[in-house]
Amino acid sequence: MTSAPPSSRGLRASPAVAVIGGGQLARMMAQAAVSLGVRVRLLAEDDGCSAAQVVPDTLVGDYCDVDTLRKV
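Residue numbering for the sequence shown follows the working numbering, beginning at 1098 and increasing consecutively.
Here's what the structure looks like:
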């Protein structure tokens, strides 16, 4: 018998990473993370940036805005 509640027994949450900035380095990191099974959430300055092209979970906003950062 295990002490874990039935809802969490045997389940593992996949790791997630929030990336702030949508340049080429973010794009390369996101591609590597996905290949390792890591979920990626991106905060980008616009939806046309390099990383936003490969990260479906992209939030467009200003990284200096505290409310936007809380959404990531």
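Built from N, CA and C at the ideal position, the CB exists for glycine as well.
Fair warning: this is a prediction, and the values are worked out from it, not measured in the lab.
Asked	Found
A1110 - DSSP class collapsed to helix/strand/coil	coil
T1155 - partner residues in DSSP beta bridges	L1139
Per DSSP, cross-strand counterpart(s) of A1115	R1138
Nonlocal neighbours in the same chain, by C-beta distance under 7 angstroms from A1130, ignoring five residues either side	V1114 and V1137
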